[in-house]
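A short worksheet on the structure shown next.
There are 4 protein chains.
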Amino acid sequence: MAKAPIGHTRWAIADNYIPSWSHGPEPELASHEGLSILNTGDREVEVRITLYFTDREPAGPYKVKVGARRTNHVRMNLLDDPEPVPLGQPFSTVVEADGPVVVQLTRLDSRQAENALLSVIAFAG
Amino acid sequence: MAKAPIGHTRWAIADNYIPSWSHGPEPELASHEGLSILNTGDREVEVRITLYFTDREPAGPYKVKVGARRTNHVRMNLLDDPEPVPLGQPFSTVVEADGPVVVQLTRLDSRQAENALLSVIAFAG
Amino acid sequence: MAKAPIGHTRWAIADNYIPSWSHGPEPELASHEGLSILNTGDREVEVRITLYFTDREPAGPYKVKVGARRTNHVRMNLLDDPEPVPLGQPFSTVVEADGPVVVQLTRLDSRQAENALLSVIAFAG
Amino acid sequence: MAKAPIGHTRWAIADNYIPSWSHGPEPELASHEGLSILNTGDREVEVRITLYFTDREPAGPYKVKVGARRTNHVRMNLLDDPEPVPLGQPFSTVVEADGPVVVQLTRLDSRQAENALLSVIAFAG
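Protein chains in written order, with the numbering used here: chain A, 1303 to 1427; chain B, 1303 to 1427; chain C, 1303 to 1427; chain D, 1303 to 1427.
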């Protein structure tokens, strides 16, 4: 690809919520949020994730990497450094990268017998 | 974060609809719309929500606050000043803030036995 | 609102599809697509909807109006002038208005026993 | 339409995932991802689709065409040249066109008895 890598270096998601229970075979159908980060560029990108809450100071940064010409689908549930991501509580996310990336959030909610899905491209700004 | 707070000061959602009945344990699985507002800035933001209807003048403003470095997930169903938000009727929403915020709308529809989800980042303009 | 009306005058949706069957009480849970159009301005807006297909020339314009400070949630299924909107076939939509509006598409798919939802803010351009 | 064709020439989707099993009548309710591409212009557009993975170099380009004033709803599952699209694995997509198009991704997940839907307008950049 001759053009510059696609994307932005800062993204936000206002509505995060990881259901605290599930119904269905693990791990495919466990309730979760997946944060997909695409790096079309020719060098590895470092990503810093900060979580915002309703009643306390932000947590983070959680650091992840996305290789050159790779995508990283981060399971939010598994982030635990510097602290575990809370379940059953609303929060928001800011993603900052040292190179252009594209960020999308998808939630699988399997609290009832059948699963429900939502997905948004994050807000670039 | 050294950069300016992320977001815009005016946002719109064209499709709001709060189902008038539910199926499932309250409050987690009650049909509802959640309006998530993220404020990454270092001062509290005041938000004014105006609702637009199909057949009468707009209602509002409904006033909410979002603390510095906080997120507020507003349950639309619970807004009641200056008037309750109608159930089972289509409406639209404009969100105006006195500082940059990011706005996202999520609907949980549990009218049938299993829940359904939709979510959109609001339109910034 | 002292500021200009929010929105754009041209919007597009690439994925339209109205399922051709339903499961659940009518009309609330009939499979359908709703095209929500918000007009925050102080004069009525005229909207022209054009449908694009996979294998024939576009259909339309379908004309609808949105009053000053009103929202119009158009059931795509009910558009029939100049021709009915096809069921069970993919199509795309372009919305053109003579004033700024905000456009969102929501699909309720009730082909199986439980409903599924998707929603997108249309692409403004 | 006197105005220029609506859209952009490069789009990205960060979260692709085609469930590897289904539940429900084929082909309507088979799990799949549909990539909808709208071309409102007066000449045919050539589209190149590149897939990005978590652990290997990108695949593609997959080439598709969208006729003048037509829409093309590509079933991602059916892309097989230069190689089949993997099932049950996360990936990302970049769409490049030689004329303006609008791109939207919709996933139908029918792994459980009832279907779930998500849809996003791709990121234009």
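The beta carbon of each residue, even a glycine, is placed where N, CA and C say it ideally should be.
Would you report the Cα separation of T1356 of chain D and R1372 of chain C, rounded to the nearest angstrom? 46 Å
Stretch pair the segment 1342 to 1360 of chain B + the segment 1411 to 1427 of chain B: three plus CB contacts closer than 8 Å: no
Against chain G: residues of the segment 1373 to 1401 of chain B by CB proximity under 7 Å: This model lacks chain G altogether, as its protein chains are A, B, C and D.
Quick one: using the 10 Å Cβ neighbour count with 16 as the cut-off for buried, is A1445 of chain C buried or exposed? Residue 1445 of chain C is absent from the model: chain C starts at 1303 and stops at 1427.
Sort A:E1359, A:K1365, A:E1385 and A:P1360 by Cα distance to L1337 of chain A and report the nearest one. A:K1365
Cβ closer than 8 Å: which chain D residues qualify as neighbours of R1371 of chain A? Y1354, E1359 and P1360
Residues of chain C with CB under 7 Å from A1418 of chain D, in chain order? A1418
Between D:P1360, D:P1388 and D:H1310, which has its C-alpha nearest W1323 of chain D's C-alpha? D:P1388
Short CB-CB distance (under 8 Å) between V1368 of chain D and chain A: no
Taking 8 Å as the threshold (beta carbon to beta carbon), is G1427 of chain C in contact with chain D? yes
Give the DSSP bridge partners of D1411 of chain A, in chain order. A:A1418
I'd like to confirm the pairing. Which residues does DSSP put opposite P1337 of chain B in its beta bridges? Inspection of the sequence shows that residue 1337 of chain B is occupied by Leu rather than by Pro. Paired residues: B:V1376 and B:L1407.
To which residues does DSSP link Y1354 of chain B through a beta bridge? B:S1394
Any C-beta of chain D under 8 Å from that of V1347 of chain A: no
Buried or exposed: where does A1426 of chain C fall if 16 or more other Cβ atoms within 10 Å of its Cβ makes it buried? buried
Starting from the beta carbon of K1305 of chain D, find every residue of chain C whose beta carbon is closer than 9 Å, and list them in chain order. R1312 and E1398
Which residue's Cα is closest to the Cα of V1376 of chain D: D:L1340, D:D1411, D:A1314 and D:D1317? D:L1340
Have a look at the DSSP bridge pairing and note the partners of I1315 of chain A. A:T1395
With respect to the beta strand (DSSP E) encompassing P1363 of chain A, which residues constitute its N-terminal and C-terminal limits? A1361 to V1368
Does any C-beta atom of chain C lie closer than 8 Å to the C-beta of G1343 of chain D? no
Using the three-state DSSP reduction, which class does I1484 of chain B fall into: helix, strand or coil? Any question about residue 1484 of chain B goes unanswered here, given that chain B covers just 1303 to 1427.
Closest Cβ-Cβ distance between I1320 of chain B and chain A: below 8 Å? no
May I have the straight-line CA-CA distance separating T1395 of chain B from E1398 of chain A, to the nearest angstrom? 29 Å
Which residues in chain C sit within 8 Å of V1271 of chain B, going by Cβ to Cβ distance? Outside the modelled stretch of chain B, which goes from 1303 to 1427, sits residue 1271 of chain B, for which no answer is possible.
For A1316 of chain D, decide whether its Cβ has a neighbour in chain A, counting only Cβ atoms nearer than 8 Å. yes
Pick from B:P1321, B:P1307, B:G1309 and B:H1334: whose alpha carbon is nearest that of L1407 of chain B? B:H1334
Rounded to the nearest angstrom, how far is the Cβ of G1401 of chain D from that of R1312 of chain D, given a contact under 8 Å? No, G1401 of chain D and R1312 of chain D are not in contact; Cβ-Cβ is about 12 Å, not under 8 Å.
Straight-line Cα distance separating E1359 of chain A from A1314 of chain D: 33 Å
Quick check on L1286 of chain A: buried or exposed, where buried means 16 or more other Cβ atoms within 10 Å of its Cβ? Shown here, chain A extends from 1303 to 1427; a query on residue 1286 of chain A therefore has no answer.
Give the residues of chain C in contact with I1308 of chain D, contact being defined as C-beta atoms less than 7 Å apart. R1312, A1314, V1396 and G1427
Option nearest T1342 of chain C by Cα separation, candidates C:R1413, C:V1405 and C:L1410: C:V1405
Suppose you measure from the CA of G1309 of chain A to the CA of L1381 of chain D; what does that come to, to the nearest Å? 25 Å
Have a look at I1320 of chain C and R1409 of chain C and give me their C-alpha separation to the nearest angstrom. 8 Å
What's the gap between the Cα of N1318 of chain A and the Cα of G1369 of chain C? 35 Å
Looking only at its chain, what residues have a beta carbon closer than 7 Å to the beta carbon of N1374 of chain A, apart from the 5 residues adjacent to it on each side? I1339, V1366 and V1368
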